[in-house]
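The numbering used here applies: residue 227 is where the sequence shown begins, and numbers increase by one. Input: a single structure, listed below in structure tokens.
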Amino acid sequence: MRRAEINLEILYQTATRAGAVLWYALKTGSATASCVSGVKKEMMSAKKQVQQDLVVATKQNDELVRSVLRLLLSEINLKEIELGKKEEGLSEEEIQQVVLREMKKRVEAVEQYTRGGREELAARERDEAEVLKKYAPEQIGDEELISIIDDTIKKVGASNISDIGKVMRGVMAAVGSRADGSRVSAMVRERLSR
227 MRRAEINLEI
237 LYQTATRAGA
247 VLWYALKTGS
257 ATASCVSGVK
267 KEMMSAKKQV
277 QQDLVVATKQ
287 NDELVRSVLR
297 LLLSEINLKE
307 IELGKKEEGL
317 SEEEIQQVVL
327 REMKKRVEAV
337 EQYTRGGREE
347 LAARERDEAE
357 VLKKYAPEQI
367 GDEELISIID
377 DTIKKVGASN
387 ISDIGKVMRG
397 VMAAVGSRAD
407 GSRVSAMVRE
417 RLSR
């Protein structure tokens with residue numbers, strides 16, 4: 227077997243073992259902290275996943291994926307330096323924030339290129355956003371977000387739009403990187419203006 231095939235086989239076996247352990251724990255209701263942490267140890271970090279996917283994209287000569295992943299790794303490395311975490315690396319949450327920031331840049335670029343009549347560049351940015359979506363956290367649904375917003379409004383005692391700062395702090399602490407700030411802001415404004 228070639229080295230790449232061996233690495234992919236090891237990756238597949240590790241992911242399969244980790245998934246099986248987690249599935250069994252969730253199915254039987256015995257998902258304890260030690261069980262989940264054991265699964266986490268077997269699963270690779272997001273940065274290592276990006277690095278491995280970059281190697282695969284390079285071997286497959288996939289220019290789009292290769293360029294997006296190189297840029298993503300560069301941004302992750304810059305964030306590590308900025309936060310002084312070059313040795314230990316970023317947490318998964320911090321990496322997800324970097325990914326979301328890069329996705330947001332692509333979405334804004336699509337809007338700008340579309341307004342400027344540059345559909346070919348807008349299409350490229352959309353494709354890059356799709357590549358990044360694989361590494362982004364799953365976004366929270368509207369119903370769940372509205373529920374969190376309503377709970378936070380009750381908790382902080384917000385009654386009008388001037389309380390938006392209090393509500394935003396509470397909601398963003400609850401949802402973390404699972405919802406875009408502009409989306410949350412629009413929904414909070416809508417709920418507070420009722």
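Cβ atoms here follow ideal geometry from the backbone N, Cα and C, with glycine treated the same way. Computed from a prediction, not measured in an experiment: that's the story for all the values here.
With distances taken between CA atoms, residue 327 lies nearest to 406 out of 406, 420, 311.
In the DSSP assignment, residue 303 falls within the alpha helix (DSSP H) that extends over 289–309.
Annotation: the continuous alpha helix (DSSP H) that includes residue 326 extends over 318–341. Residue environment for residue 307: exposed (fewer than 16 other C-beta atoms within 10 angstroms of its C-beta).
Rounded to the nearest angstrom, the Cβ distance from residue 363 to residue 404 is 5 Å, consistent with a contact under 8 Å. By the beta-carbon neighbour count (other beta carbons within 10 angstroms, threshold 16), residue 384 is buried. Counting every other CB atom within 10 Å of its CB across the protein chains shown gives residue 396 a total of 16 or more, marking it as buried. The C-beta separation of residue 332 from residue 314 comes to about 29 Å, leaving the pair out of contact by the 8 Å criterion. Secondary structure of residue 407 (DSSP, three-state): helix. Scanning its chain for C-beta atoms nearer than 8 Å, with the 5 sequence neighbours on each side dropped, one finds around residue 316 the residues 273, 302, 305, 306, 309, 324, in chain order. Cβ atoms of residue 357 and residue 291 come within 8 Å of each other, at about 5 Å. Taking residue 321 as the centre and dropping the five residues before and after it, the same chain places the C-beta of 272, 273, 302 closer than 7 Å to its C-beta, in chain order. Residue environment analysis places residue 379 among the buried positions, since at least 16 neighbouring C-beta atoms fall within 10 angstroms of its C-beta. In this structure, the beta-carbon distance from residue 417 to residue 372 falls below 9 Å.
For the pair residue 393 and residue 382, the CB atoms are nearer than the 9 Å cut-off. In this model, residue 408 and residue 330 are separated by some 10 Å (Cα to Cα).
In this structure, the alpha-carbon of residue 348 lies about 34 Å from that of residue 391. In this chain, the alpha helix (DSSP H) harbouring residue 285 covers 272–285.
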